[in-house]
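Note sheet for the following structure.
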Amino acid sequence: MAHTRRLDPIEERICGALMEKEQATPDGYPLTLNSLVLACNQKSNRDPVLELTEAQVKEALERLRRDVLVWRVTGGRVAKWEHRLQSRWHLDAPGLAVMTLLMLRGAQTPGELRSRSERLHSFADVAQVEDTLRALAEGDDPLVQELPRQPGQRENRWRHLMVRSDETPAGGPSIGRSAGPPVGTPDASGSADESSEDAVAPDGDDRTGELERRVAELERRLGRLESQLGVD
Numbered sequence: 000m001a002h003t004r005r006l007d008p009i010e011e012r013i014c015g016a017l018m019e020k021e022q023a024t025p026d027g028y029p030l031t032l033n034s035l036v037l038a039c040n041q042k043s044n045r046d047p048v049l050e051l052t053e054a055q056v057k058e059a060l061e062r063l064r065r066d067v068l069v070w071r072v073t074g075g076r077v078a079k080w081e082h083r084l085q086s087r088w089h090l091d092a093p094g095l096a097v098m099t100l101l102m103l104r105g106a107q108t109p110g111e112l113r114s115r116s117e118r119l120h121s122f123a124d125v126a127q128v129e130d131t132l133r134a135l136a137e138g139d140d141p142l143v144q145e146l147p148r149q150p151g152q153r154e155n156r157w158r159h160l161m162v163r164s165d166e167t168p169a170g171g172p173s174i175g176r177s178a179g180p181p182v183g184t185p186d187a188s189g190s191a192d193e194s195s196e197d198a199v200a201p202d203g204d205d206r207t208g209e210l211e212r213r214v215a216e217l218e219r220r221l222g223r224l225e226s227q228l229g230v231d
């Protein structure tokens with residue numbers, strides 16, 4: 000069974016931001032909606048830099064919540080949000096750190112991942128990062144993929160595979176960079192009343208899409224059962 004369905008770029012940024020803040024600033028985690036929007040749009044440690052609106056983040060959170068990929072935490076003055084991806088993707092601490100960086104900054108070399116991971120997880124050396132990447136790439140449903148080495152590079156880059164193949168992943172061509180309008184805002188090619196659901200095209204393979212819908216339904220049922228039983 001697949002770990003989860005693939006994410007769209009806005010969902011990818013939301014999940015990456017939640018994962019980062021859990022590791023880097025645990026005292027401020029889970030995040031309020033306002034804090035999450037700021038984390039998604041921050042200009043440091045992000046590629047590309049986005050300008051998501053609160054409405055876009057709320058819509059994406061609702062999709063993620065339905066699929067039990069994020070959790071809405073209530074009980075305080077304001078609702079807060081936390082991710083469920085460490086358990087859904089079966090990640091240990093090193094794997095969580097690597098996936099966080101790949102989701103927020105796109106394809107990177109093992110050396111880049113090690114140098115950028117200090118606030119998330121302490122890798123002793125690049126070899127430990129490479130071991131983590133190989134573990135994430137194993138099995139029938141890998142989370143990461145090694146890319147061919149580019150001219151002038153000493154190391155191969157790695158990318159994560161949890162963005163849908165019909166979407167632009169982080170670090171790819173521009174999607175809502177700060178120089179342009181926020182992702183999902185109307186322009187000459189779209190009307191203002193198009194919903195974010197309509198803007199996300201389904202996978203081309205109908206059979207694959209049907210299987211993913213069935214898996215998502217099973218995972219939602221499992222999430223409800225876990226909630227009823229009080230299982231984390």
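Read in order, the letters of the sequence shown correspond to residues 0 to 231 in numbering that gives the first Met the number 0. Every residue gets a Cβ at the ideal spot worked out from N, C-alpha and C, and that includes glycine. Bear in mind that the values here come from a model prediction, so they are computed numbers and not experimental data.
- For Ala59, which residues of its own chain have a beta-carbon under 6 Å away from its beta-carbon, when the five flanking residues on both sides are left out? Ile9, Glu10, Ile13
- Would the beta-carbon of Trp157 fall within 8 Å of that of Leu132? yes
- Query: Which one of Gly15, Asn33, Arg4 has the shortest CA to CA distance from Val97?
  - Reply: Gly15
- Determine, using beta-carbon pairs with one atom in the stretch 105-117 and one in the stretch 24-32, whether at least three such pairs fall under 8 Å. no
- Is it a yes or a no for the stretch 43-52 touching the stretch 65-84, going by three-plus beta-carbon pairs under 8 Å? no
- Task: Assign Lys20 to one of two classes, buried (16 or more other C-beta atoms within 10 Å of its C-beta) or exposed (fewer than that).
- Result: buried
- Task: Go ahead and pull the three-state DSSP assignment for Val36.
- Result: helix
- Task: For Ala92, I'd like the list of residues in its chain whose CB is within less than 6 Å of its CB, leaving aside the five on either flank, ordered along the chain.
- Result: His120
- Task: Please confirm whether Leu17 and Glu117 have their CB atoms less than 8 Å apart.
- Result: no
- Message: Checking 8 Å against the spacing of the C-beta atoms, do Arg148 and Asn155 come in under that value?
- Response: yes
- Task: Consult DSSP for Arg115 and reduce its assignment to one of helix, strand or coil.
- Result: helix
- Spatial distance of Leu35 from Ala134 (CA atoms): 30 Å
- Query: DSSP three-state call for Val77: helix, strand or coil?
  - Reply: coil
- In angstroms, rounded to a whole number, what distance separates the CA positions of Ser43 and Gly138? 33 Å
- Message: My output table needs one value for Arg65: the three-state DSSP class, helix, strand or coil.
- Response: helix
- For Thr108, name the three-state secondary structure that DSSP assigns. coil
- Residues sharing a beta bridge with Trp88, DSSP: Looking at the DSSP assignment, Trp88 forms no beta bridge with any residue, so it has no partner.
- Task: May I have the straight-line CA-CA distance separating Ala126 from Gly94, to the nearest angstrom?
- Result: 14 Å
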